[in-house]
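Q: I have a structure here, written as structure tokens, and I will follow up with some questions on it.
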Amino acid sequence: MKKKLVGALMCVAMTATMLAGCGNSSEPTAAPAETTPAAPAETQAAPAETTPAEVPAETQTAEPAASGEVITVGFAQVGHESDWRAANTKNYQDTFSAENGYELSFVDCDNDHAVQIETVRGFIEQELDYICIAPIQSAGWDTVLQEAQDAGIPVLIVDRAVDADPSLYTTALGCDMVAEGEAAGNWLAEYLNGEDANILVIEGSVGASATLGRTEGFNNIVAQNSNWTVLDSQSGDFTQAGGQEVMESFIKSYSDFNVVVCQNDNEAYGAMDAMDAAGITYGVDGDVIIISFDATHDGLQYTLDGKITCNVECNPLQAGFAEGVIKKLEAGETVDAWTLVEDEAFVAPGITSDYAVTMSQEVLDGRAY
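Here is the structure:
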């Protein structure tokens, strides 16, 4: 099953939008006693209009640094809105450490696009060796990327994607958000086996590539199922509070839904809080199917407990891929224009699927985030 999913994701990655980003974790009020969710983090993917196929084959190289010289790296991070984002940040800080020969300039841009642009300009003024950007928004990057290119500083677009001329940055890496959305939709079609679906969607942050990609991918599968109806779709901003607020509004407006799709784990926790308060049952033994994204440790705990029925991974451990690119550039080698960070999907115990791995304690114990 695992091989089938990975193959499907990689196939879509070659033809779909460039994506990236994720986020989750925080615990619903009715959470199981053994689960202690972490504080919120975040997610994001790639714009539907930017696909790996559109990225030019030519790549950029950097002059090798002097042997033993400390490599300076700037990282303009989205923020700290989700558990996923927290895990992603820690991964970069651990990877680009002084012990590993790096000096990391890290800035939490707190989901402020203007702050992120100025952060990158600051990195350019500091003449850092490399700049990594996890874009808050996909648009509005051409000018500052041109400035970095004029300064001769390689830029890595990580986790999420940008709507910019690909020649303005050195490489991009991350997960395929369209493929993640399609994986969720394909699993749901398999699970329902022809039954009707009345679906509510809690989207991520407006304009984020993860939001755009997961929405596009899931809607691709909705379009193939004439007895599926998306009743409503609103942004929960990748946070637990946002997920709860949107779900409370949905409950007031709709009574006939049987599927809730949350675009990250934190939103799912908020949706569960709202349904618990309203007396609505969910999960394997409930009336509502919950689909989530990110597959953080706490999100998978709820999947193991049967509360989240399907959870599609967005792997936050991406710094090693970025370091691999930098090492190649330091050696004077060319790098790929696009690097895919592979994902899996997981389903609650008792469910078998061609699109997902059945959750177990062993799988949960093996999670690094």
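The numbering used here applies: residue 32 is where the sequence shown begins, and numbers increase by one.
Each residue gets a CB set at the ideal place from its N, CA and C atoms; glycine is no exception.
Quickly, what does DSSP pair Phe-106 with across the bridge? List them, please.
A: Answer is Phe-137, Cys-163, bridged to Phe-106.
Q: Nearest by alpha-carbon distance to Thr-312: which of Tyr-123, Ala-117, Gly-337, Asn-131 is it?
A: Minimum Cα distance to Thr-312 is reached at Gly-337.
Q: Near Val-277, which residues of its chain fall below 6 Å by C-beta distance, leaving aside the five closest residues on each side in sequence?
A: Answer for Val-277: Ile-233, Gln-265, Gly-267, listed in chain order.
Q: Can you tell me the Cα-Cα spacing of Thr-383 and Thr-389, whole angstroms?
A: C-alpha separation (whole angstroms): 6 Å.
Q: Cβ of Tyr-400 within 8 Å of Cβ of Trp-218?
A: Result no, Cβ atoms of Tyr-400 and Trp-218 do not sit closer than 8 Å.
Q: When we look at the beta-carbon of Thr-365 and count the other beta-carbons within 10 Å, is it buried (16 or more) or exposed?
A: Thr-365 comes out exposed.
Q: To the nearest whole angstrom, what separates the beta carbons of Asp-139 and Gln-108, a pair I think is in contact under 8 Å?
A: Between Gln-108 and Asp-139 the Cβ distance is about 5 Å, and since that is below 8 Å, they are a contact.
Q: If we require 4 or more residues per run, which alpha helix (DSSP H) segments fall completely within the region 276-322?
A: Fully enclosed alpha helix (DSSP H) runs of 4 or longer: 296-309.
Q: Tell me, to the nearest whole angstrom, how far the beta carbon of Asp-190 is from that of Ala-165; I am working on the premise that it is less than 8 Å.
A: With a Cβ gap of about 4 Å, Asp-190 and Ala-165 count as contacting.
Q: How many Å lie between Pro-380 and Ser-198 at the Cα?
A: Those two C-alpha atoms are separated by around 46 Å.
Q: Considering only C-alpha positions, which residue in the set Gln-271, Glu-211, Glu-226, Phe-288 is nearest to Asn-251?
A: Nearest option by C-alpha distance: Glu-211.
Q: Alpha carbon to alpha carbon, what distance is there between His-328 and Leu-395?
A: When rounded, the distance between both Cα atoms is 7 Å.
Q: Since Phe-377 and Ala-305 should fall inside the 8 Å C-beta cutoff, what is the C-beta to C-beta distance between them, to a whole number of angstroms?
A: That belief does not hold up - the Cβ atoms of Phe-377 and Ala-305 are roughly 23 Å apart, past 8 Å.
Q: For a test of the three-state rule: what should DSSP assign to Gln-271, helix, strand or coil?
A: Gln-271 falls in the helix class under three-state DSSP.
Q: Do Asn-342 and Asp-374 have their beta-carbon atoms positioned less than 8 Å apart in this structure?
A: No, these two residues do not count as a Cβ contact at 8 Å.
Q: Hey, quick one: how far does the beta strand (DSSP E) through Trp-259 stretch, first residue to last?
A: Element bounds for Trp-259: 259-266.
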